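A.B. asks:
Numbering (the working numbering), first residue to last: 1 to 107.
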């Protein structure tokens with residue numbers, strides 16, 4: 001999902017350099033980094049959950065930026081819909097992990 005969102009930013013107008021082009025990849029890539037950080041803290045359930053919560057917030061932020069890109073007609077509705085559907089699925093996975101942190105302990 002992060003790579004697909006990054007690819008879309010390549011097509012955005014240059015005047016969006018400091019807004020959408022900057023924020024969309026940042027929030028989607030941050031999700032990946034937060035997952036790795038959370039996994040490293042998996043022995044401490046509260047830390048693990050906190051990083052997953054951060055990840056879920058970045059996922060929500062990515063959705064907002066995609067909505068803006070669609071509203072500005074920078075991306076096609078189908079592209080946006082596909083990415084938002086993927087984002088919703090990722091969000092459900094984060095929710096499951098947050099609710100069941102012990103299932104993800106590396107023993």
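Don't be surprised by glycine CBs; every beta carbon is placed ideally from N, CA and C. Please read these numbers as outputs of a predicted model, since none were measured by experiment.
Suppose the cutoff is 6 Å on Cβ atoms and the five residues either side in sequence are ignored; what does the same chain contact list for residue 54 look like?
C.D. replies: 34
A.B. asks: In terms of residues, what are the limits of the alpha helix (DSSP H) holding residue 1?
C.D. replies: Unbroken run through residue 1: none, as it is neither H nor E.
A.B. asks: Can at least three beta-carbon pairs, one atom from the stretch 37-44 and one from the stretch 2-22, be found at a separation below 8 Å?
C.D. replies: no
A.B. asks: Out of curiosity, what's the CA-to-CA distance linking residue 65 and residue 95?
C.D. replies: 21 Å
A.B. asks: Taking only the alpha-carbon atoms, compute the straight-line gap between residue 67 and residue 91 and give it to the nearest angstrom.
C.D. replies: For residue 67 and residue 91, the distance between alpha carbons rounds to 16 Å.
A.B. asks: DSSP three-state call for residue 100: helix, strand or coil?
C.D. replies: The answer is coil: DSSP assigns residue 100 none of H, G, I, E or B.
A.B. asks: Ignoring anything shorter than 3 residues, give me the beta strand (DSSP E) runs that lie fully in the stretch 2-83, in order along the chain.
C.D. replies: none
A.B. asks: Give the secondary structure of residue 106 by DSSP, where H, G and I count as helix, E and B as strand, and everything else as coil.
C.D. replies: coil
A.B. asks: Taking the alpha-carbon positions, what's the residue 49 to residue 101 distance?
C.D. replies: Whole-angstrom Cα-Cα distance: 7 Å.
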